[in-house]
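Only one structure is covered here, and it is reproduced in the block below.
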Amino acid sequence: TPMLTIDNLHASTSGKDILKGLSLTVNPGEVHAIMGPNGAGKSTLGHVLAGREGYECTQGSVTFDGKNLLELETEERAAAGIFLGFQYPVEIPGVSNMYFLKAALNAQRKHRGESEIEATDFLAFVRQQAKKVGLETSMLQRGVNEGFSGGEKKRNEILQMLVLQPKLMVLDETDSGLDIDALKLAADGINAMRSPERSVILVTHYQRLLDYVKPDFVHVLAKGRIVKSGGPEFALELEERGYGWLEAA
Ligand code: ADP
Ligand code: MG
Ligand code: MG
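With the UniProt record's numbering, the residue at position 126 of the sequence shown is 128, and numbering never jumps.
In C-alpha cells:
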C-alpha cells in the first residue's frame, strides 16, 4: 500500500490559489524528485505536507500511512514520521539543539505509545550520530541552527534525520545556494537514509543533485499540478529542454 497518496489537492495561501489539482502517490522505499519552474508551487507543497500555518487546503485529500494527514497538527505529523527539510532551516535561539532533538524524539515515541528515552541513552545516541555527520559535540549545546554556517545547518539537518528516522522525508533544495561540498553532504545524508521502508520527496531545481541521489521518479510541477512524470532519465531531458514545452501543453 502507498505511504502517501495526494489526490486532486487544491491549496491556497493569502487568498491565492497555488496548488490546483495536484496528485502524487509515493510507495515505501521510493525517491521522487520534483522539479519545475519558479513559482510553480513546489515549496508550497512542502509547507502543506508539513501543516505549516497560513495554508488552506480547499479540495482533495492527502493520506499518509492510512490516515488523513490534513487533520493532523504540525507536531502530530512530525511525530507520525514526516520530516521537512528546507534550504534555510529555522533558527531557534535559546532552545539547545540537544533539547530540541530529545523533545522531537520523545514526541515521536509517545505517538507510537513508547516511553521517553533515558537521558543517558539519548546522550550516547545523539553523540554517536553527531560524530557520524561530523558535527562537534559543542554544536549540540548551541541554539538550534543559531549562527550555524550553511554546511553546519546541512549537517544538523542530517543529524535530525538520523535521530528521528522519519518515514517520509520532504526535502526542499530549491533555489539552492549549496556549494559542491554541501551538495555532496546533502546527497550522502539522503542516501544513508534510503531504505525499503522510507520514502523521499526531493524538490530540486538542479539536475546536478540527482547525479548523486538517483530518484525512482521525476515529476514536473507546473502551475500547481504535476504535469508530467518519468524515470531518472527524465531529469536529463528537462535539463536539455527546459519546462516551457510542458507548461504550454
Ligand atoms: P516554487 O517553490 O515552485 O518556486 P512556491 O510554492 O514558493 O513556488 O510559490 C508558488 C506561488 O505562490 C508563487 O507565485 C508565489 O509567489 C506564491 N506564494 C507563495 N507563498 C505566498 C504567500 N505567502 N502569499 C502569497 N503568495 C504566495
Ligand atoms: Mg521559488
Ligand atoms: Mg521553492
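Just so it is clear, CB atoms sit at the ideal spot from N, CA and C, and this is done for glycine as well.
query: For the beta strand (DSSP E) that A35 lies in, which residues bound it at each end?; result: 33-37
query: The beta strand (DSSP E) that contains H221, what's its start and end?; result: 219-224
query: Give a single yes or no on whether T60 has its beta carbon closer than 7 Å to a heavy atom of ligand 1.; result: no
query: Which same chain residues end up closer than 7 Å to K22 when comparing Cβ atoms and leaving out the 5 residues on each side of it in sequence?; result: H12, K225, G226, R227
query: Starting from S151, trace the beta strand (DSSP E) in both directions and tell me its first and last residue.; result: Run containing S151: none; DSSP gives neither H nor E here.
query: Taking all protein chains shown into account, do 16 or more other C-beta atoms lie within 10 angstroms of the C-beta of R157, making it buried, or fewer, making it exposed?; result: buried
query: Going by alpha carbons, who is nearest to S25 out of E154, T15, S16, K44?; result: K44
query: On the three-state DSSP scale, how would you describe E58?; result: strand
query: Identify the residues that DSSP records as bridge partners of R227: which are they?; result: A224
query: Taking V128 and I94 to be in contact with their CB atoms under 8 Å, please state how far apart those CB atoms are, rounded to whole angstroms.; result: Between I94 and V128 the Cβ distance is about 17 Å, and since that is not below 8 Å, they are no contact.
query: Which runs of the alpha helix (DSSP H) spanning at least 4 residues fall entirely within the region 61-120, listed in chain order?; result: 76-82, 99-113
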